[in-house]
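Student: Okay, handing you the structure first.
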Amino acid sequence: MTSIKFERDVIDFKRVEAGERVSGSFKFTNTGNSPLVIYEVNTSCGCTVADYPHGEIAPGESGMISVTYNSDGANGMRITKQVTVNANTKPAQTQLRIVADVY
């Protein structure tokens, strides 16, 4: 087992125009003593897509999980979307979030 530390656990896109696609990233560091492996990153809806590093991340090394949100159809809403990181860490899941006010 190893451990992962994120610089932040929430990305706030602030105000987003309906139909706009916005992207952000969660930077992380392997804070454990063994290689970090991210098995998968799941999002709470099809409007959010995550891209993450595949393969091992050495102890002390950093990486990024990129997230793109498509606000099409969310006009007038405050959105919160979950991003779940599954890795060889304890605990095995880390919850991240994106939020935005769509107008």
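With the numbering used here applied, the sequence shown closes on residue 758, and no number is skipped along the way. Even glycine gets a Cβ: it sits at the ideal position worked out from N, Cα and C. Predicted, not measured: the structure shown is a model, and the values here were computed from it.
Please determine, among Ile666, Met656 and Ser658, the residue with the shortest C-alpha to C-alpha distance to Ile720.
Tutor: Of the candidates Ile666, Met656 and Ser658, the one whose C-alpha sits nearest the C-alpha of Ile720 is Ile666.
Student: Going residue by residue through the region 722-752, where are the continuous alpha helix (DSSP H) segments of at least 4 residues, counting only ones entirely within it?
Tutor: Counting whole runs of 4 or more residues, the region 722-752 contains no alpha helix (DSSP H) stretch at all.
Student: Assess, as a yes-or-no matter, whether the region 670-678 is touched by the region 692-703 under the definition of 3 or more beta carbon pairs within less than 8 Å.
Tutor: Too few Cβ pairs lie closer than 8 Å, so no.
Student: Can Asn685 and Glu716 be called in contact, C-beta distance under 8 Å?
Tutor: Yes. Within cutoff.
Student: If you compare alpha carbons, which of Asn725, Gln750, Val677 and Asp756 is closest to Ile659?
Tutor: Ranking the options by Cα distance to Ile659, first place goes to Gln750.
Student: Classify Met656 as helix, strand or coil using the three-state DSSP reduction.
Tutor: Residue state, collapsed to three classes: coil.
Student: Along the chain, which unbroken stretches of the beta strand (DSSP E) at least 3 residues long are found entirely within the region 663-688?
Tutor: Listed in chain order, they are 665-671 and 676-685.
Student: Whose C-beta lies closer than 6 Å to the C-beta of Asn697 among residues of the same chain, with five residues either side of it excluded?
Tutor: Around Asn697: Thr739.
Student: Going by DSSP in three states, Ile716 sits in which element: helix, strand or coil?
Tutor: Ile is not the amino acid found at residue 716; the sequence shown has Glu there. Reduced to three states, the DSSP call for Glu716 is coil.
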